[in-house]
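Report on one structure; see the data block that follows.
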C-alpha cells in the first residue's frame, strides 16, 4: 500500500466480523432469559388481577351486594362475569358492579386465537388444592402451561 491509500485489510474485516458474531452468540441466551422473565412478570400480574377480582366478587356476595343462591359458595360462576359485571342489589337502579376491565390472557398459553377465559385452568371451591378441577364456580385460576419457571416452580403452581 502506498502512503495515500487507507482502509482495512481483509484479515482485519474478518476478525471484526468474527468478534461481532461471538458477541451475538453470547447474547442470545441472555435475550431468551429476558423474554422469559417478562412473560413471567406478565403471568404474576395477570394472576394477581384475576385472583383479586375473584376475591372482590366473593366479598360483594358476603356484603350482600350481589345475589347468590343460599347453597352457593359465593364465588363467580365463570371468569366472564368479572368483566361483564353483576347487578348491585343495594343500588336502587341495580347498576352493575365490574370487577375487571378486561380478562388478561395467560402469557404462557401457546395459542393466541383462544379466548382469554379458556387460557386459564379453573379450580372450583369444591375441588381439592392438589387436584384442581372445574365446577359450579371459579375459586382460583392457574396456568395450563407444563413448563417450569426460572425459579424452579412449575407455572401451574404459581
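In my numbering, the protein residues as written are 13 to 170.
Just so you know, even glycine gets a beta-carbon here, dropped at the ideal spot from N, CA and C.
Please read these numbers as outputs of a predicted model, since none were measured by experiment.
If the five residues before and after residue 157 are omitted, its C-beta is found closer than 6 Å to the C-beta atoms of 120 and 167, all from its own chain and listed in chain order.
DSSP, read as helix, strand or coil, puts residue 56 in helix. As computed with DSSP, residue 134 is found in a beta bridge with 153.
DSSP, read as helix, strand or coil, puts residue 108 in strand. Around the CB of residue 134, 16 or more other CB atoms lie within 10 Å, so the residue is classed as buried. Less than 9 Å separates the beta-carbon of residue 66 from that of residue 88.
DSSP lists no beta-bridge partner residue for residue 88. Three or more beta-carbon pairs separated by less than 8 Å are not found between the region 135-148 and the region 105-119, which leaves the two stretches without contact. Within its own chain, the residues whose Cβ lies closer than 6 Å to the Cβ of residue 151, once the five positions on either side in sequence are excluded, are 87, 135, 136 and 137, listed in chain order.
When the five nearest sequence neighbours on each side are left out, the beta carbons in the same chain lying within less than 6 Å of the beta carbon of residue 160 are those of 166, in order along the chain. Residue pairing of residue 81 in beta bridges, as defined by DSSP: absent, with no partner found. By the neighbour-count criterion, in which 16 or more other beta carbons inside 10 Å mark a residue as buried, residue 70 falls on the buried side. By the criterion of a C-beta distance shorter than 8 Å, residue 76 is surrounded in its chain by 101 and 102, once the five residues flanking it on both sides are discounted. The Cβ-Cβ distance between residue 128 and residue 162 does not fall below 9 Å. Around the beta carbon of residue 46, fewer than 16 other beta carbons sit within 10 angstroms, so the residue counts as exposed.
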